[in-house]
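K.L.:
For the record, in the sequence shown the residue sitting at position 70 is 70 according to our numbering, with numbers rising by one throughout. This structure is in structure tokens; I'll ask about it shortly.
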Amino acid sequence: MYKQVTCSGLRRQSLNLELATDKNECSKMKYIVIKYSLISLQAKRFWQTVRRLRKGRQQLAHTVYSGDGELLTSSGAIVGRWKEYFEELLNPTYAHSKEEAEPGDLGMDCPISGAEVAEVVKQLHSGGAPGADEVRPGYLKAMDVVGLSWLTRLCNIAWSSGAVPREWQTGVVVPIFKKGDLRVCSNYRGITLLSLPGKVYSKVLERRVRSIVESQIEEEQCGFRPGRGTVDQLYTLARVMEGAWEFAQPIHMCFVDLEKAYDRVPRGTLWGTLQEYGVGGFLLRAIQSLYQRSVSLVRIAGSKSDLFPVRVGLRQGCPLSPVLFITFMDRISRRSRGVECVKFGGRRISSLLFADDVVLLASSSSDLQLLLDRFAAECEAAGMRISTSKSETMVLDQKRVACQLRVGREVLPQVEEFKYLGVLFTSEGRRDREIDGRIGSTSAVMRTLSRSVVVKRELSQKARLSIYRSIYVPILTYGHELWVMTERNSLRIQAAEMSFLRRVTGLSLTPSFHRSRQQHVTAAARHSC
């Protein structure tokens with residue numbers, strides 16, 4: 001009964017929040033919504049409201065500059081400009097593609113089973129946005145056996161015929177502001193919303209593709225693979241650097257950036273790559289059917305642009321795209337081998353990949369230049385391009401060593417530090433600067449949360465500690481597996497944590513603050529859990 005009353009109160013307060021016009025009244029309503037959300041165990045609404053308090057509403061310009069710098073004000077011209085921008089962005093002129101591969105023998109593949117479809121539907125996120133067909137996750141998750149059988153039948157029609165509904169090939173691009181001038185299109189990134197029934201079909205195909213290619217992809221690739229993450233790659237690089245420093249062996253590194261790699265994959269080359277890895281027959285034809293005549297439209301401020309074709313790149317938001325991309329990158333990586341590598345733990349390592357984040361490793365600058373030349377040549381042959389303005393080199397050595405690398409005629413800058421997968425690596429191999437950066441980042445988060453959320457009296461300590469555990473702690477401890485926990489570092493991290501917890505528990509720092517006060521803060525935090 002209590003939960004029902006609470007949920008009713010939450011809905012009422014949420015409605016009041018939407019109708020509130022006064023700024024102070026609106027702010028107070030948000031904290032009440034957070035409070036009700038936590039009590040009624042509605043985690044989604046709780047975190048949505050916290051996010052709005054932290055970052056504010058999504059900003060969107062009511063005017064936009066044309067390609068020639070003219071300010072556009074009419075809704076039709078604005079929508080047309082967004083269409084022009086994304087059509088150009090998603091169809092690069094320099095992308096190169098080989099002749100498309102033939103599907104091969106079509107008689108060896110089995111139809112899609114109801115169990116495959118049911119399992120994928122079960123795992124759909126309830127809050128997913130609909131695509132062009134406006135089918136929402138709740139519709140699919142609410143289907144009974146009869147509904148699932150119809151969806152399975154639809155998937156099998158697409159599977160056997162090699163053709164999919166038009167809505168499954170249509171993407172809805174929504175511009176999301178990053179930073180800078182609101183009126184400049186390049187200051188936005190586009191997210192693409194796809195048909196959810198089409199994503200169910202794509203996920204079934206993804207599982208079949210992964211069962212074929214997963215065992216063939218080399219260990220150096222950790223992106224988009226089950227049971228692996230950024231920490232695996234960070235730890236590997238850190239251990240290689242520590243071993244080299246211990247034995248006074250230099251390591252020359254090149255951090256390679258590929259220009260919009262996801263959007264630049266030539267599809268004809270991709271089909272040939274999949275065949276090399278054993279993907280053919282009905283499965284290859286089914287994948288190709290999602291890309292044939294693929295189109296997109298831009299949705300901005302409730303208006304939609306005309307459809308435009310998308311001929312290059314992988315489909316953003318498609319469950320298939322990650323496994324297709326790492327297979328494509330694995331082929332490039334394999335073909336660029338053959339250079340003297342760094343030896344570590346009985347293995348030879350020439351590269352580390354996390355999706356399109358690439359690190360090339362060699363024991364000398366000449367070997368690294370040769371490795372980079374081969375990698376750049378394979379990228380060029382596959383239709384990809386290295387960004388010379390964002391790629392950098394670094395040397396780990398006990399004395400300063402120059403490493404001048406070139407991509408074509410461009411010289412890559414040599415740096416003393418580089419942030420790889422969110423963690424700072426230095427040419428001295430030290431972690432102090434990374435820990436300083438972590439503490440600085442959490443201090444900025446603490447200030448933001450303190451102003452907008454944590455110190456508000458409408459929130460209970462339980463709500464504040466939920467925010468602490470879910471937002472503050474992950475930022476502070478990301479990459480901690482690499483840290484050397486000296487007494488100094490331990491005290492600094494503990495001080496940063498206690499500073500936030502004092503705000504959460506309402507205790508202030510005084511000149512008489514000592515260990516008993518610290519224990520009091522910790523005890524208060526635990527009691528609120």
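All C-beta atoms, glycine included, are put in the ideal place defined by N, C-alpha and C.
Alpha carbons only, please: which of K399, R451, V395, Q404 is nearest the one belonging to F418?
P.N.:
For the purposes of this step, residue 418 is taken as residue 418 along the sequence shown, with counting starting at 1. The residue with the shortest Cα to Cα distance from F418 is V395.
K.L.:
Do V298 and K141 count as a contact pair if the criterion is CB distance below 8 Å?
P.N.:
Mapped onto the sequence shown, residue 141 falls at position 141. Mapped onto the sequence shown, residue 298 falls at position 298. Not closer than 8 Å, so no.
K.L.:
What would DSSP say about G171, mapped onto helix, strand or coil?
P.N.:
The residue given as residue 171 occupies position 171 in the sequence shown. Three-state DSSP puts G171 in a strand.
K.L.:
Give the C-beta separation of I251 and S363 to the nearest angstrom, bearing in mind that I take them to be a contact with Cβ-Cβ under 8 Å.
P.N.:
As a working note, residue 251 is residue 251 in the sequence shown. As a working note, residue 363 is residue 363 in the sequence shown. Between S363 and I251 the Cβ distance is about 7 Å, and since that is below 8 Å, they are a contact.
K.L.:
Counting only runs of 3+ residues fully inside the segment 219-271, write out the beta strand (DSSP E) ranges in chain order.
P.N.:
251-256
K.L.:
Can you name the start and end residues of the beta strand (DSSP E) that E416 belongs to?
P.N.:
Counted from its first residue, the sequence shown places residue 416 at position 416. Looking at the DSSP string, E416 is not in any beta strand (DSSP E), and its letter there is neither H nor E.
K.L.:
Nearest CA to the CA of Q275: which residue from F255, R166, T327, E428?
P.N.:
Counting from 1 along the sequence shown, the entry for residue 275 is found at position 275. It is T327.
K.L.:
If you follow the beta strand (DSSP E) that Y139 is part of, which residue opens it and which one closes it?
P.N.:
Residue 139 sits at position 139 when you count from the first residue of the sequence shown. Premise fails: Y139 lies in the alpha helix (DSSP H), 137-141, not in any beta strand (DSSP E).
K.L.:
How is Y188 classed by DSSP in three states: helix, strand or coil?
P.N.:
Reading the sequence shown from its first residue, position 188 is the one you call residue 188. The answer is strand: DSSP assigns Y188 an E or B state.
K.L.:
With H, G and I counted as helix, E and B as strand and the rest as coil, what does DSSP make of D367?
P.N.:
By one-based count along the sequence shown, residue 367 stands at place 367. If DSSP states are grouped into helix, strand and coil, D367 belongs with the helices.
K.L.:
Buried or exposed: where does V310 fall if 16 or more other Cβ atoms within 10 Å of its Cβ makes it buried?
P.N.:
Counting from 1 along the sequence shown, the entry for residue 310 is found at position 310. Label assigned to V310: buried.
K.L.:
From the beta carbon of L368, is the nearest beta carbon of chain D less than 8 Å away?
P.N.:
The question asks about chain D, but that chain is absent: this structure has only one protein chain.
K.L.:
Give me, in chain order, the residues of the same chain whose beta-carbon lies closer than 7 Å to that of D68; leave out the 5 immediate sequence neighbours on both sides.
P.N.:
In the sequence shown, counting from the first residue as 1, residue 68 sits at position 68. Correct list: empty, nothing qualifies.
K.L.:
Under three-state DSSP, which class holds A444?
P.N.:
Against the sequence shown, residue 444 aligns to sequence position 444. Note: A444 maps to helix in three-state DSSP.
K.L.:
Can you name, in chain order, every residue of its own chain whose Cβ lies under 6 Å from the Cβ of W168, other than the five neighbours on each side?
P.N.:
As a working mapping, residue 168 is identified with position 168 in the sequence shown. A distance below 6 Å between beta-carbons, with the five flanking residues on each side excluded, links W168 to the following residues of its chain, in chain order: S195, G198.
K.L.:
Grab the span of the alpha helix (DSSP H) containing I349 for me, first residue to last.
P.N.:
Position 349 of the sequence shown, counted from the start, is the residue given in the question as residue 349. Taken as a continuous stretch (DSSP letters only), I349 belongs to no alpha helix (DSSP H), being part of the beta strand (DSSP E) at 347-349.
K.L.:
Given that a residue counts as buried once 16 or more other Cβ atoms are within 10 Å of its Cβ, and exposed if not, what is L71?
P.N.:
The count along the sequence shown starts at 1 and reaches residue 71 at position 71. Exposed, since its Cβ has fewer than 16 Cβ neighbours within 10 Å.
K.L.:
Who does A537 pair with in a DSSP beta bridge?
P.N.:
Lying before the first or after the last residue shown, residue 537 is absent from the chain, which here runs from 1 to 529.
K.L.:
For A531, tell me which candidate among E497, R337, Q316, L412 has the shortest Cα-Cα distance.
P.N.:
With the chain running from 1 to 529 in the structure shown, residue 531 is simply not present.
K.L.:
Given G127, which residues of its chain have a CB within under 8 Å of its CB, disregarding the five upstream and five downstream residues?
P.N.:
As a position in the sequence shown, residue 127 is number 127, starting the count at 1. Excluding positions up to five away in sequence, the list reads K44, P137.
K.L.:
Is it right to say K203 is buried, meaning 16 or more other beta carbons lie within 10 angstroms of its own, or is it exposed?
P.N.:
Mapped onto the sequence shown, residue 203 falls at position 203. Looking at its Cβ environment, which holds 16 or more other Cβ atoms inside 10 Å, K203 is buried.
K.L.:
Going by CA-CA distance only, name the one from R469, R52, W245 that's closest to F344.
P.N.:
Here residue 344 refers to the residue found at position 344 of the sequence shown. Ranking R469, R52, W245 by Cα distance to F344 puts W245 first.
K.L.:
Label L290 either buried or exposed according to how many other C-beta atoms from any shown protein chain fall within 10 Å of its C-beta, with 16 as the threshold for buried.
P.N.:
Here residue 290 refers to the residue found at position 290 of the sequence shown. It counts as buried.
K.L.:
Please report the residue range of the alpha helix (DSSP H) in which V473 lies.
P.N.:
Here residue 473 refers to the residue found at position 473 of the sequence shown. Per DSSP, V473 belongs to the alpha helix (DSSP H) from 473-477.
K.L.:
Any contact between the segment 266-283 and the segment 390-410? By contact I mean 3 or more CB pairs, one from each, below 8 Å.
P.N.:
no
K.L.:
Starting from the Cα of T273, find the closest Cα among Q494, V323, L237 and give me that residue.
P.N.:
Stepping through the sequence shown from its first residue, residue 273 is reached at position 273. Looking at the Cα atoms, V323 is the closest of the given residues.
K.L.:
Between the Cα of S490 and those of R431, M446, R503, I467, spot the shortest distance and give me the residue it belongs to.
P.N.:
As a working mapping, residue 490 is identified with position 490 in the sequence shown. When only C-alpha atoms are compared, the closest one is R431.
K.L.:
Ordered along the chain, which non-local residues of its own chain (more than five positions away) have a Cβ less than 6 Å from that of R517?
P.N.:
The residue labelled residue 517 in the question sits at position 517 within the sequence shown. Any reading at R517 needs caution, since the residue's pLDDT is 49, under 50, leaving its predicted position unreliable; the model's value is listed next. Excluding positions up to five away in sequence, the list is empty.
K.L.:
Quick check on the DSSP output: the beta strand (DSSP E) that includes K343 runs from which residue to which?
P.N.:
Taking the first residue of the sequence shown as position 1, residue 343 is located at position 343. Residues 342-344.
K.L.:
With DSSP as the reference, label M394 as helix, strand or coil.
P.N.:
Taking the sequence shown and counting its residues from 1, the one referred to as residue 394 is at position 394. M394 carries a strand assignment under DSSP once its states are collapsed to helix, strand and coil.
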